[in-house]
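Asks: Let me give you the structure first, and then I'll get to my questions.
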Amino acid sequence: MPVVSVTPAAAELIRSLRGRHGPLMFHQSGGCCDGSAPMCFPAGEFRTGSSDVLLASLAVDGVTEPVEFWMSKSQWELWKHTTLTVDVVPGRGSGFSLEAPDGVRFLIRSHLAP
Amino acid sequence: MTRYDAPTHWQSRYDHYIGGEYVKPHGGAYFENPTPVTGQTFTEVARGTAPDVEKALDAAHGAADAWGRTSVAERALILNRIADRMQENLESLAVAESWENGKPVRETLAADIPLAIDHFRYFAGAIRAQEGSLGELDDDTVAYHFHEPLGVVGQIIPWNFPILMATWKLAPALAAGNAVVLKPAEQTPASIHYWLSLVADLLPPGVLNIVNGFGVEAGKPLASSARVAKVAFTGETTTGRLIMQYASENIKPVTLELGGKSPNIFFDDVSAASDDFLDKALEGFTMFALNQGEVCTCPSRALIQQGHYSDFLAAAVSRTEQIVQGHPLDTDTMIGAQASNDQLEKILSYLDIGRKEGAKVLTGGSRADLGGDLSGGYYVEPTIFEGDNSMRIFQEEIFGPVVSVTSFADLDDAVKIANDTLYGLGAGVWSRDMNTAYRAGRAIQAGRVWTNCYHAYPAHAAFGGYKQSGIGRENHKMMLEHYQQTKNLLVSYSTKKLGFF
């Protein structure tokens, strides 16, 4: 199982956001409020650095370029025994993530890594 | 028992509050605001975008200079009057806040609103008492240090305590003489407007501006604006980093409160007697369910010493099972609804991974269906997991009524587990031996260590994070300096030249 996968509903949302906002990226958040949720930004909007790890370059049907999925290294140390599935649920908002105004929210579902 | 009626004082629509009046959104769009109590929409709110933020910044810049020069006595008086209005309307504010957020009205009546009232009074007093300093460098030379306001500041408010968290940021900023552009959380944008309806006439136009909307559409233009002198944010780490990144582009300071995974540590001697103290400690354990766990300092890891582990945990499970879950507007209700559907879904995803990782569910573990109108609301059973600190439910802020329990051998072991986290916002230490409590409290890497208490948030006790929990301290007069510049006048009283030229 890949480290990060995407449900069909999330893929559909990614396609839609890609059409409106251009190339995309994810950074997995931690902490309070809307933490522990994946944040979706225009690619390059969030500056990753040496404290981050690129977990996946997601291939999404209908999206030309791969969608990078990042997490802070320190957080990944605590998550690395699990695999992640990006899903989408009805929701109200979250940080500066692009999908919030659509009334939906990306959500991580987790599984134990084999 | 009292059951309040659903509040009816809402307007059907809230625009932006800019320059002392309500202004329609530039883009003409609104978004629905549901109550988590039933999931039903009760008002709609302006969907702000960059032009709305610019308009609010114009108003704030127009007002900042005069407000900054207003005497501290007058600013303090206005803050005290805001507090008085809130006191006179405490009940209706509490009911509004409960309807907005889903939290039980017993909490808003006894905590959220009284704390907010006191916070305005505290900063009214603090600004009156604040003094600059002078240093007499030599007989002819004096360094004067004045506190000056930053000017216009941006504040992005979380949804877990909509009025109280706005107050934590507004009271010091206004006391220090700043004009504010505030963005409420899109999950809870309405109750701050009800609050505003009670106090708006007290503030000069433009001193407080509220732009509603989503983070990406309204929060980002505010956080990235070169026209704000500082950004204050409470939320999560990715957005916190993004705000720091925007601030770095403008060389502006930020204060950030980004949550935690707070340990609540119970030493063996807690169970040495069956008395009031043990009863208080058990309540302290159960505090994980306060505000449905939607607190940055939720004591979501309970560390129980091995000697009394079984007995204490059994009593804690029993105490947790006595939590009354119900209609948030019923004064008997102890735990209400999660603030939004996505929050509910996230909590359920953690209940799932907790089980997959092998943690044992001691009580709860599911969504709660309270029936009737409440079936559409977002309710979760108070849940206790037993496991170990490497599990994700011990390492991530679930922001729900979920506590993960493990045991420890001795003081060093407790401190090791407590500090084995990315965060450092809050912690609790419970012991009858104050030497043990002191050693533990000093060794824990967290900004606030509640000692033989938990979840108290009085003004004049500094609150803020170590490690990835953020930057800055709120709730204390030191917060004034987060909203001030230091002006040094270096004055020579000598009439003699230096002799260099």
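Chains A and B supply the protein sequences, listed in that same order.
One point on numbering: in the UniProt record's numbering, the residue at position 98 of the first sequence is 98, and numbering is uninterrupted.
One point on numbering: in the UniProt record's numbering, the residue at position 263 of the second sequence is 263, and numbering is uninterrupted.
Even for Gly, the Cβ is constructed at its ideal location relative to N, Cα and C.
Rank 73/B, 347/B, 450/B and 418/B by C-alpha distance to the C-alpha of residue 428/B and give the top, closest one.
Replies: What you label residue 428/B is simply residue 428 of the second sequence in a count that begins at 1. Cα-wise, what sits closest to residue 428/B is 450/B.
Asks: By the DSSP assignment, the beta strand (DSSP E) with residue 492/B in it spans what residues?
Replies: One-based indexing of the second sequence puts residue 492/B at position 492. First-last of the beta strand (DSSP E) with residue 492/B: 484-492.
Asks: Mind reading off the beta-carbon distance from residue 108/B to residue 98/B? Whole number of angstroms is fine, and I expect it under 8 Å.
Replies: As a working note, residue 108/B is residue 108 in the second sequence. As a working note, residue 98/B is residue 98 in the second sequence. The Cβ separation is near 5 Å, so the contact holds.
Asks: What residue from 402/B, 254/B, 192/B and 203/B has the CA that sits closest to residue 222/B's CA?
Replies: By 1-based counting over the second sequence, the position of residue 222/B is 222. For residue 222/B, the nearest C-alpha among the options comes from 254/B.
Asks: Within the same chain, show all residues whose beta-carbon is closer than 8 Å to that of residue 52/A, passing over the 5 residues directly before and after it, in chain order.
Replies: Position 52 of the first sequence, counted from the start, is the residue given in the question as residue 52/A. Answer for residue 52/A: 27, 70, 71, 72 and 73, listed in chain order.
Asks: Output yes if chain B places a C-beta closer than 9 Å to the C-beta of residue 92/A; else output no.
Replies: As a working note, residue 92/A is residue 92 in the first sequence. Output row for residue 92/A: interface = yes.
Asks: Go to residue 476/B, then tell me how far its alpha helix (DSSP H) extends in each direction, as first and last residue.
Replies: As a working mapping, residue 476/B is identified with position 476 in the second sequence. Element bounds for residue 476/B: n/a, residue is neither H nor E.
Asks: Just checking my contact of residue 156/B with residue 183/B at CB under 8 Å: how many whole Å lie between their CB atoms?
Replies: For the purposes of this step, residue 156/B is identified with residue 156 of the second sequence, where counting begins at 1. For the purposes of this step, residue 183/B is identified with residue 183 of the second sequence, where counting begins at 1. Their Cβ separation, rounded to whole angstroms, is 5 Å, which keeps residue 156/B and residue 183/B in contact under 8 Å.
Asks: Quick one: what's got a C-beta closer than 7 Å to residue 226/B's C-beta in the same chain, skipping five residues either side?
Replies: Within the second sequence, the letter at position 226 stands for residue 226/B. Here the set comprises 250.
Asks: Do we get a CB-CB distance below 9 Å when we pair residue 182/B with the residues of chain A?
Replies: For the purposes of this step, residue 182/B is taken as the residue at position 182 of the second sequence. No, its Cβ sits nowhere closer than 9 Å to a Cβ of chain A.
Asks: Output needed for residue 145/B: all residues of its chain with C-beta closer than 6 Å, excluding positions within five of it in sequence on either side, in chain order.
Replies: Stepping through the second sequence from its first residue, residue 145/B is reached at position 145. Closer than 6 Å at Cβ, skipping near neighbours: 132, 133, 486 and 488.
Asks: Go to residue 154/B, then tell me how far its beta strand (DSSP E) extends in each direction, as first and last residue.
Replies: Position 154 of the second sequence, counted from the first residue, corresponds to residue 154/B. Element bounds for residue 154/B: 152-156.
Asks: From residue 2/A to residue 84/B, what does the alpha carbon distance come to, in whole angstroms?
Replies: Here the question's residue 2/A lines up with position 2 in the first sequence. Here the question's residue 84/B lines up with position 84 in the second sequence. Cα to Cα, residue 2/A sits roughly 58 Å from residue 84/B.
Asks: If distances are taken between C-alpha atoms only, which option among 446/B, 217/B and 493/B comes closest to residue 53/B?
Replies: Start at 1 with the first residue of the second sequence, and residue 53/B comes out as number 53. Comparing Cα-Cα distances from residue 53/B to each of 446/B, 217/B and 493/B, the minimum goes to 217/B.
Asks: At a Cβ threshold of 9 Å, is residue 100/A touching chain E?
Replies: In the structure shown, chain E cannot be found, because the protein chains are A and B.
Asks: From residue 29/A to residue 47/A, what does the alpha carbon distance come to, in whole angstroms?
Replies: Within the first sequence, residue 29/A is the residue found at index 29, counting from 1. Within the first sequence, residue 47/A is the residue found at index 47, counting from 1. Distance between the alpha carbons of residue 29/A and residue 47/A: 14 Å.
Asks: Which of the residues in the segment 31-42 of chain A, read from start to end, lie with their CB under 7 Å from any CB of chain B?
Replies: From the segment 31-42 of chain A, only 31, 32, 33, 34, 35, 36, 37 and 39 have a Cβ closer than 7 Å to chain B.
Asks: Mind checking who residue 387/B pairs with in its DSSP beta bridge?
Replies: Counting from one through the second sequence, the residue named residue 387/B turns up at place 387. Looking at the DSSP assignment, residue 387/B forms no beta bridge with any residue, so it has no partner.
Asks: What are the residues that DSSP puts in a beta bridge with residue 220/B?
Replies: Counted from its first residue, the second sequence places residue 220/B at position 220. Bridge partners of residue 220/B: none, in fact.
Asks: Cβ of residue 7/A less than 9 Å from any chain B Cβ?
Replies: Taking the first sequence and counting its residues from 1, the one referred to as residue 7/A is at position 7. Taking Cβ atoms only, chain B never reaches closer than 9 Å to residue 7/A, which makes this a no.
Asks: Using a cut-off of 9 Å between C-beta atoms, extract the partners of residue 453/B located in chain A.
Replies: Taking the first residue of the second sequence as position 1, residue 453/B is located at position 453. Neighbours of residue 453/B on chain A: none; closest Cβ ~21 Å, over 9 Å.
Asks: Tell me, please, whether the CB atom of residue 342/B is closer than 9 Å to any CB atom in chain A?
Replies: Residue 342/B sits at position 342 when you count from the first residue of the second sequence. True, the Cβ-Cβ gap to chain A drops below 9 Å.
Asks: Report, in whole angstroms, the separation of the C-beta atoms of residue 264/B and residue 454/B, which I expect to be a contact under 8 Å.
Replies: As a position in the second sequence, residue 264/B is number 264, starting the count at 1. As a position in the second sequence, residue 454/B is number 454, starting the count at 1. With 8 Å as the limit, residue 264/B and residue 454/B qualify as a contact, their Cβ atoms being about 6 Å apart.
Asks: At a CB-CB cut-off below 8 Å, which residues of chain B make contact with residue 89/A?
Replies: For this step, residue 89/A is matched to residue 89 along the first sequence. The contacting residues are 341, 342 and 345.
Asks: Could you give the DSSP three-state label for residue 39/A: helix, strand or coil?
Replies: Position 39 of the first sequence, counted from the first residue, corresponds to residue 39/A. Three-state DSSP puts residue 39/A in a strand.
Asks: Got a sec: which bits of the segment 205-227 of chain B sit with their beta carbon under 9 Å from any beta carbon on chain A, in order along the chain?
Replies: Residues passing the 9 Å Cβ filter: 213, 214, 215, 216, 217, 219, 220 and 223.
Asks: For residue 58/A, count neighbouring C-beta atoms within 10 Å of its own C-beta (all shown protein chains included) and say buried if the count is 16 or more, exposed if not.
Replies: Here residue 58/A is taken as the residue at index 58 of the first sequence, counted from 1. Classification of residue 58/A: buried, given that the 10 Å Cβ count is 16 or more.
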